[in-house]
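Numbering (this note's numbering), first residue to last: 3 to 172.
No residue lacks a Cβ here, since even glycine has one placed at the ideal position from N, Cα and C.
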């Protein structure tokens with residue numbers, strides 16, 4: 003009986019590995035193209051007054067970014083950022099055709115998310131005072147910004163994966 007159970011377990015192992023590989027593959031593609039959808043969708047929103055005004059407090063309070071409002075209007079900067087974000091999403095989406103182009107898009111996304119995460123330190127209202135401040139995040143803007151930590155991780159992964167494949171292809 004014990005021998006029969008051991009045999010059955012060994013026969014089931016390859017099926018489990020195959021299933022886990024399929025699930026991992028679906029997750030990998032969903033991860034990459036979810037990043038494409040999120041960055042592209044948010045980029046398209048940058049062409050609206052609603053979104054331009056929504057990012058104003060982040061940009062205006064950032065030592066890295068506030069200078070742009072001296073060069074461009076709030077709507078003008080938002081539209082410029084929208085073009086960049088849509089371009090980044092298209093570059094990342096190009097992975098099946100050009101891993102090198104996708105790696106570039108991912109590298110740009112890494113820079114973008116590092117910038118937005120810097121807003122955690124510069125935007126008023128990130129830390130919820132009624133809960134004692136840091137580390138209690140406010141719903142907006144704190145929780146809104148912290149999601150970019152996951153997007154940064156996804157961008158780093160897509161960068162590494164596309165870079166590795168582009169090096170193999172030469």
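Residues bridged to residue i (per DSSP)
i, result
"residue 129", "139"
Span of the alpha helix (DSSP H) around residue i
i, result
"residue 2", "The requested residue 2 is not part of the displayed model; the chain covers only 3 to 172."
"residue 97", "Neither: residue 97 is in no alpha helix (DSSP H) and is coded neither H nor E."
"residue 51", "51-62"
"residue 149", "146-171"
"residue 73", "70-73"
For residue i, the three-state DSSP class (helix, strand or coil)
i, result
"residue 42", "helix"
"residue 67", "coil"
"residue 134", "coil"
"residue 48", "coil"
Exposure of residue i, with buried meaning 16 or more beta-carbon neighbours within 10 Å
i, result
"residue 80", "buried"
(request) Would you check if the region 37-44 and the region 74-93 touch, i.e. whether three or more CB-CB distances between them fall below 8 Å? (result) Counting Cβ pairs under 8 Å, three or more are found: they touch.
(message) Count Cβ pairs between the region 123-138 and the region 102-110 that sit closer than 8 Å; are there 3 or more?
(response) By the C-beta criterion, the region 123-138 is judged not to be in contact with the region 102-110, since fewer than 3 inter-stretch pairs fall below 8 Å.
(message) When you compare the region 46-58 with the region 109-117, are there three or more beta-carbon pairs, one atom per stretch, that lie closer than 8 Å?
(response) No contact exists between the region 46-58 and the region 109-117.
(message) For the pair the region 116-126 and the region 51-66, tell me if three or more CB-CB distances fall below 8 Å.
(response) Touching, per the Cβ criterion.
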